[in-house]
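In this note's numbering, the protein residues as written are 1107 to 1976.
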């Protein structure tokens, strides 16, 4: 009769080895006696009771050994490192392939992860970020729900008075276009990021105040707060507090404080802040906006424990108390850190693109780790005898695992150091080239080092785990006889790894080609206007009296083909938009509005569907109202609408429709052509230039552009020497509409090249191993008459089959991904068959070149060298 087996196993597990024989023997004797005395069932129960009774610390304590642990002894650790360095030096090709692959994987994945971290941590630095909300209004127009981040300037004042849950209110405007600041004759610049805000903004954003008093910095009109960067730009090393900056050539502002530079990952971006109470006293543009209600971004800081939902309900009551408020609108709160990615109004980016980039980073890192695993296991039989001898002389498996892990850690540590150096050198360049706006200081911050160390540790463990378990598992009796199966190193798994690498590479290559074709389509698509060789020159409203003289002087210059006028910058967000109701059907439309002169149509190549009466006979003598085809379609007007009533109610055009133009684009091709109203004025110097406007200047094809810009600058500065010369190119403004897509395309191109590089490094290593393992076979085949071509085919065909399988797997996945991406465009290309054919052909060609490097070399080797030991 045997004691309970499970109880015995528990005893062996818990009891110290030097006590086990004595304790277990006594318990077995006791069990046999109890069986005879009380029976088997009671004896088993008492045996369990006695085993549990021996589970005490004094029976579990192991005696201290007089010898150190072989695994952790300093001598063995030195030996492990010596062996690791020796292996790296002995197998230089494989070492270089592994280190380069891991370096690329670590550097690229870290760079992408830093960018994703930067995007997900927008506005996390503010002290009350989790309690700071922006108020937006949501209203329906024509069945479409529209969101507006701007509120009337008095709304914020009413919120503070009526809602006790609100601790602080910040009203903020992110600027009204470019302004000119001047400290003296030598320091006059156009600034893009000058905002207007309440004094309460300073404690809310929580930036370090370098100089000045935060309580009074923005409390009065005529005050401006500068960032450190802007203060150094205008005043150098001098103390700027109390100094004067001239705003837009006429309005003095006193510098009241200097802030530390704002982090780049903030939606509240500025280089300078003017006190909000200054807006009614500044230029015509600021005064006009203030009189219209300001339309300010309004932020509230809620008290601790306050419910945002309850505050939203109270906002509806504040709305109903204001006469100007749109009673059909509702007001919602958006928490500050969510504005960059999840705002309902003017989203800056999408989570989807960040998740795609993060996936790419993980794929590249995984490919590098797969390379290491594949190459290490491919060379498993090379080290079989080493493992067998170590085990035969007493080496334990855990010690061998430790050795192979140290080799993995050594390789990844070298790659880690190289990736650190690459990031330090190339980060500023890549950041600027890709237009990512990341702060260079991120490389010295905690998240960077935490990320790098985490990736290093993860790579070391992932890359070392499988090879260590595989190599340490060899049976010494077999490997020392030389009977170890060569395929024990996981040939099937290596083929899967290779297929995964090329599937990822081909998928990215297809995506890059689709991105290229779509961007090329956007750049070359006819927009209905000719945007080539057109310069837009800004004319300040103060130059209204001289406008005609400036226009005529520009027109007379030899390098100019034609000149036209608009009231705003084309292909920008500055184009005015109105909500208008159609006369038929009472349909609400968002209508783009442009004010232009007569030459605009011929110069820009705008085609007429129904030209105004007498259009070609002379100049425009009165203001005409012209619509595009989309307006006619949406308004339900068919046939010739000339001299018919206006398509909209309450329009200022008293003469109805004077003309209809063929649709043309002045906004992004993400959406269809918008309804458009063009006011063709008879006196451009008075009507277009009321608030400043643009001369559109078409240069002749042979004109030297730098010379033309210098000539235009000279003409402008003769009339207005106090203001900087401001211009833009129409084709560049159009291309800037797709800056995010261009950035994504550049990222995909770079990452595609890197994934192909990593995949080819792995393929080269595996091909090298294959040639080494089949050296004698190749020699025998050559002796028997095999040609070089047949041997190259023999060595290459298996790898090329894997590439073909990868093409079949990657193509539908890439098509699905890019087809979804193209849905964001109203005008898009079809994904043609040639994209897949080109991607597959390029990959096969690159793979063929990679494997041919070793296969041709092996095929040309003299068979005597490989067979002389036989």
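Beta carbons are placed, not taken as given, at the ideal position from N, Cα and C, and that holds for glycine.
Under DSSP, residue 1733 shares a beta bridge with 1766, 1783. With respect to residue 1324, residue 1305 sits close: the two C-beta atoms are nearer than 9 Å. Secondary structure in the region 1210 to 1251: the beta strand (DSSP E) runs of 3 residues or longer, each lying completely within the stretch, are 1238 to 1247 in chain order.
Shortest Cα-Cα distance from residue 1844 to any of 1475, 1420, 1930 involves 1930. A Cβ-Cβ separation of about 4 Å places residue 1233 in contact with residue 1312 under the 8 Å criterion.
DSSP, reduced to helix, strand and coil, places residue 1876 within a helical segment of the structure shown. Note: residue 1278 is bridge-paired with 1303, 1403 in the DSSP secondary-structure output. In the three-state reduction of the DSSP assignment, residue 1362 falls in the strand class.
The shortest CA-to-CA distance from residue 1207 to any of 1763, 1649, 1480, 1654 is the one to 1480. Fully contained in the region 1630 to 1687 are the following alpha helix (DSSP H) runs of length 4 or more, in chain order: 1653 to 1662. Annotated as distal: residue 1525 and residue 1865, with beta-carbon spacing of 9 Å or more.
For residue 1381, the enclosing beta strand (DSSP E) begins and ends at 1378 to 1381. The continuous beta strand (DSSP E) containing residue 1352 extends over residues 1350 to 1353.
Under DSSP, residue 1297 takes part in a beta bridge, and its partners are 1285. Here residue 1544 carries a coil assignment [DSSP, helix/strand/coil]. Excluding sequence positions up to five before and after residue 1600, its CB lies within less than 7 Å of the CB of 1480, 1483, 1484, 1872, all in the same chain and listed in chain order.
As the crow flies, the alpha-carbon of residue 1287 is around 45 Å from that of residue 1617. Taking every protein chain shown into account, the CB of residue 1769 has 16 or more other CB atoms within 10 angstroms, so this residue is buried.
Per DSSP, the beta bridge partners of residue 1436 are 1244.
Ranked by Cα distance from residue 1296, the first of 1315, 1253, 1268, 1340 is 1340. Counting along the chain, no alpha helix (DSSP H) covers residue 1715; the unbroken beta strand (DSSP E) around it starts and ends at 1714 to 1716.
Proximity of the region 1823 to 1830 to the region 1647 to 1657 meets the contact definition, three or more beta-carbon pairs being nearer than 8 Å. Note on the region 1829 to 1902: whole alpha helix (DSSP H) runs with a minimum of 4 residues are 1836 to 1841, 1845 to 1879, 1881 to 1889, in chain order. Taking a 10 Å sphere around the C-beta of residue 1191, we find fewer than 16 other C-beta atoms and assign the residue as exposed. Judged by DSSP in its simplified three-state form, residue 1273 adopts strand. For the region 1132 to 1189, the full-length alpha helix (DSSP H) segments reaching 4 residues or more read 1146 to 1159, 1163 to 1166 along the chain. Taking a contact as a CB-CB distance under 8 Å, the pair residue 1802 and residue 1669 counts as one, their CB atoms being some 7 Å apart.
In summary, residue 1497 is buried, with 16 or more beta-carbon neighbours lying within 10 Å of its beta-carbon over all protein chains present.
For residue 1699, DSSP records a beta bridge to 1682, 1783. Here residue 1329 has 1360, 1362, 1381 as same chain residues with Cβ atoms under 6 Å from its own Cβ, once five neighbours each way along the sequence are excluded.
In the same chain as residue 1165, and ignoring 5 residues on each side of it, the C-beta atoms closer than 8 Å to its own belong to 1120, 1121, 1122, 1125, 1129, in chain order. Your pair residue 1607 and residue 1473 checks out as a contact, with CB atoms roughly 5 Å apart and the cut at 8 Å. As a beta-bridge residue in DSSP terms, residue 1290 pairs with 1293. Per DSSP, residue 1502 is not a residue of any alpha helix (DSSP H), being assigned neither H nor E.
Beta-bridge pairing by DSSP links residue 1333 to 1365. Taking the C-beta atoms as reference points, residue 1686 is found no nearer than 9 Å to residue 1700.
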